[in-house]
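Asks: Protein chains in written order, with the numbering used here: chain A, 3 to 310; chain B, 5 to 290. Right, I'll just put the structure down here and ask away after.
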């Protein structure tokens, strides 16, 4: 390559490849572009959910509605039965998430801090459980839960979680395995000399030192349980519902509630109402995410999934 | 003092809940579902009534259930295309986000957002209302041109990417973070040394960055396949549920369906993993 080209390259691309002006601009442009693609559905939902019928039909109104209109939300709140369902969703997500976190830490601690026969095989089995598709397990589990009499109740979520077989348990066990492996062995030995038992060491020393792993696991577990609808629909039947399930039935519920009163255009379901409903089911998660954002994003890093 | 060294037994105690759970809720169900797939299962008021059918359930799928076979084939094609796309996209985005930019945290927050909010029903609603492809791209001339020449592999691939941009990106959140974490663990001194030796960015990427990321690429391939196969977006899961509660077919037939699905996923995992290992060997020989 010619000398002048190299000089040109230096100005625009910079010496070390990252500090050039051109490169920076390019990176920003690409990031903003991709960022927009990520945000587009959300922005679209937000904009559409505030449009009244007139704005929806008016092709010249792209993003900003012409007036403030909250009628979609009023309807969607009723259709989703929002407040009651929110409580119920929290009930069937927070409890399994809490149980799963505690149990995963217990199991992960065992794998990380003790040597025993067959440990490698067991660890490999833990990982393979991640790959098994839920449809294979769901039929026998359904029959099993049915005979145990725990179908249609939160126990169908909690019982597998208690025994380390909850939603994506393998990932959480792995997270705790990695976290507890990094704790210094000397700490434990000192505690043992002081007469502390194995469980006391776990509860008094290991748990406080792994606080961030607990938080990250709990948050992910909560979010994954919240978004799970396939298992929820089958295990809970009509007895328990979650907001995402309510969203799945949105059209039916709407028609049952509103359309029977007559067929005027005003009462028909439109995109605005559907988007309001969709947003309502994710708002609780958005709130949690923006408050705890640091933990989610750094969580993947912090917990050392990439450690080995 | 002696009890100090009985560590191995205590180890079992900690892992015991998992062992019990694995046997009752995972190992036993897997074999039970394989067993059921050879039966006609009907749930009666008294209990479960099963009739041995042999391989009839499977034969029936291959002989009669054109819909399911078509769905499986679609799924197979889709996942074989989407997985590499998602992993490559995630890698590229991670490389961008790994640059020392002041707004890095902000972008990370946005790119991770879909992981939090993409439950099946939400994605379904978005797809239903056609918010998942970029509408402005579709209205461009070149897209129209592309659709005319459908049928060529490359062009179909491009159309697929355009139509699924948002979904593909939305499914890459965790993978991006895994790559970023791995990128930050690469020893900076190696980069310094390479730069001093006059290696170009391109060379550095192929010789240092990529080989360092290989284990995480494998992790991400597996993660993507697993996540892709459990999203409600894929119609197979729904189909299996439908047959589960359908009186004419029932649990036996649904078990056969799910086992076939399990086999397909295993094949996909094996194929993609071996493709990747092949690629890894090739690049490290460069």
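Don't be surprised by glycine CBs; every beta carbon is placed ideally from N, CA and C. This one's a predicted model, so the numbers in the text were calculated from it and none came from an experiment.
1. Relative to the C-alpha of residue 181/B, which candidate in 58/A, 135/A, 75/A and 299/A has its C-alpha closest?
2. Let's see if you can read the secondary structure: which residues bound the beta strand (DSSP E) around residue 56/B?
3. Which of the three DSSP states, helix, strand or coil, is assigned to residue 205/B?
4. So with CB distances below 9 Å, who are the chain A contacts of residue 245/B?
5. Find out if the Cβ-Cβ distance for the pair residue 225/A, residue 297/A is shorter than 7 Å.
6. Evaluate the contact criterion for the region 59-71 of chain B versus the region 83-100 of chain B: three or more CB pairs, one atom per stretch, below 8 Å.
7. Which one of 119/B, 62/B and 31/B has the shortest CA to CA distance from residue 170/B?
8. Tell me, please, which residues DSSP counts as bridged to residue 45/B.
9. Do the CB positions of residue 231/A and residue 47/A come within less than 7 Å of each other?
10. I need the straight-line Cα distance from residue 91/A to residue 244/A, nearest angstrom please.
11. By the three-class DSSP mapping on this structure, what secondary structure does residue 19/A have?
12. For a contact meaning CB atoms closer than 9 Å, what does residue 177/A contact in chain B?
13. With a threshold of 7 Å between beta-carbons, can residue 90/B be considered close to chain A, or not?
14. Taking residue 238/A as the reference, which of 122/A, 146/A, 154/A and 116/A has the closest Cα?
15. Count the CB pairs spanning the region 87-100 of chain B and the region 204-224 of chain B that are closer than 8 Å, and state whether there are at least three.
16. If you run the structure through DSSP and keep just helix, strand and coil, what is residue 278/B?
17. Quick one: is residue 258/B near chain A, going by C-beta distance under 7 Å?
18. Nearest-angstrom Cα distance between residue 3/A and residue 179/A?
19. Rank 258/A, 187/A, 127/A and 83/A by C-alpha distance to the C-alpha of residue 175/A and give the top, closest one.
20. Per the contact definition of three or more C-beta pairs closer than 8 Å, is the region 95-109 of chain B in contact with the region 182-197 of chain B?
21. Which residue marks the beginning of the alpha helix (DSSP H) containing residue 133/A, and which one marks its end?
22. Quick check on DSSP: helix, strand or coil for residue 284/A?
23. Verify the CB distance criterion: does residue 210/B have a CB-CB separation below 7 Å to chain A?
24. Within 10 Å of its beta-carbon, does residue 171/A have 16 or more other beta-carbons around it, so buried, or fewer, so exposed?
25. By Cβ distance below 7 Å, which residues in the same chain neighbour residue 111/B in space, the five residues on each side in sequence not counted?
26. Is the Cβ of residue 291/A closer than 7 Å to any Cβ of chain B?
27. Could you tell me the distance, in whole angstroms, from the CA atom of residue 162/B to the CA atom of residue 290/A?
28. Are the C-beta atoms of residue 206/B and some chain A residue less than 7 Å apart?
29. Looking at the secondary structure, which residues open and close the alpha helix (DSSP H) in which residue 78/B lies?
30. I need the boundaries of the alpha helix (DSSP H) containing residue 118/B, first residue and last residue.
31. If you draw a straight line from the C-alpha of residue 71/A to the C-alpha of residue 63/A, how long is it?
32. Taking the alpha-carbon positions, what's the residue 258/B to residue 249/B distance?
33. Which residues in the same chain as residue 65/A place their Cβ atom closer than 6 Å to its Cβ, once the five residues preceding and following it in sequence are excluded?
34. Answer yes or no: does any C-beta atom of chain B fall closer than 7 Å to that of residue 246/A?
35. Which bits of chain B does residue 162/A rub up against, with CB to CB less than 8 Å?
36. Determine, using beta carbons only, whether residue 242/A and residue 33/B come nearer to each other than 7 Å.
Replies: Checking against the coordinates, here is how it stands:
1. 299/A
2. 52-56
3. helix
4. 137, 140, 232, 235 and 236
5. no
6. no
7. 119/B
8. 54/B
9. no
10. 5 Å
11. Confidence is the limiting factor: at residue 19/A the pLDDT is only 48, short of 50, which leaves the residue's position unreliable, though a coordinate-based value still follows. Correct three-state label for residue 19/A: coil.
12. None at all; the shortest Cβ gap to chain B is about 12 Å.
13. no
14. 154/A
15. yes
16. helix
17. yes
18. Here the model assigns residue 3/A a pLDDT of 44, short of 50, so the residue's position is not dependable and the matter cannot be decided.
19. 127/A
20. yes
21. Note, residue 133/A: premise wrong, no alpha helix (DSSP H); not H, not E.
22. helix
23. no
24. buried
25. 101
26. yes
27. 37 Å
28. no
29. 70-101
30. 108-121
31. 14 Å
32. 9 Å
33. 49
34. yes
35. 25 and 29
36. no
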